[in-house]
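Reviewing the structure listed below.
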Amino acid sequence: MEVETEAEAPPPELAVVLEHATLMAKQLPSAADPSQLLQIHAALHAAHHRLSLFLSPQPENSVSSAAAAEPMQMEDEEEEQNSRAAVEKVAWRMKECFIQNKRPKRHLSPSAEQQQRRSFEDSADAAPEVFDPLTTKLRALELIHQFHA
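Position 147 of the sequence shown, counted from 1, bears residue number 147 in the UniProt record's numbering, the numbering being contiguous throughout.
As structure tokens, this is what we get:
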């Protein structure tokens, strides 16, 4: 079995095609005839095709890839775990993030402070609310539709 080297020499036909495309590209500013422009386009397209074939990775032998322990599936699982970790990290940071008003709040009057304390004490006696992500999402969507629809 033949071992591939790290830096392969380009095939000679690739060099010829690239040289031809270079010569044709130099004629581009002076070309006015549509057939000549078509020839230049064909030469550049052929060079692009040959170059992309040379640069594209060679497919593995189907027998050797079938004998492997499914490396693509392992890579997909690893990518999925990495993306899941990134999403969780962003979600955690979003929980810590809050919108802060630029304008400082005005101090409450003494009677309003008393009213707020009473309402806070009443809510402390009540059962704590359970966080429901679905209702939170629905409220957010309702606000979006209300103000942006």
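C-beta: ideal position from N, C-alpha, C; glycine also. Bear in mind that the values here come from a model prediction, so they are computed numbers and not experimental data.
Exposure label - residue i; buried when at least 16 CB within 10 Å
i	result
Ala43	buried
Glu2	Low confidence applies to Glu2: its pLDDT is 49, below 50, so where it sits in the model is not reliable enough to give any reading.
Ala47	buried
Val16	exposed
Met24	buried
Ala140	exposed
Ala112	exposed
Euclidean distance between Cα positions of residue i and residue j
i	j	result
Trp92	Ala86	10 Å
residue 162	Leu108	This structure gives no information on residue 162, because the portion of the chain shown stretches from 1 to 149.
Val90	Ser83	11 Å
Leu38	His49	16 Å
Ala31	Leu51	25 Å
Gln146	Leu134	18 Å
Gln81	Pro10	39 Å
Ser35	Leu53	27 Å
Lys95	Pro29	59 Å
Run of the alpha helix (DSSP H) containing residue i, from where it starts to where it stops
i	result
Gln36	34-55
Val130	No alpha helix (DSSP H) contains Val130, which DSSP labels as neither H nor E.
His20	12-26
8 Å Cβ cutoff, residue i in contact with chain B
i	result
Gln81	Here chain B cannot be found, since the structure has a single protein chain.
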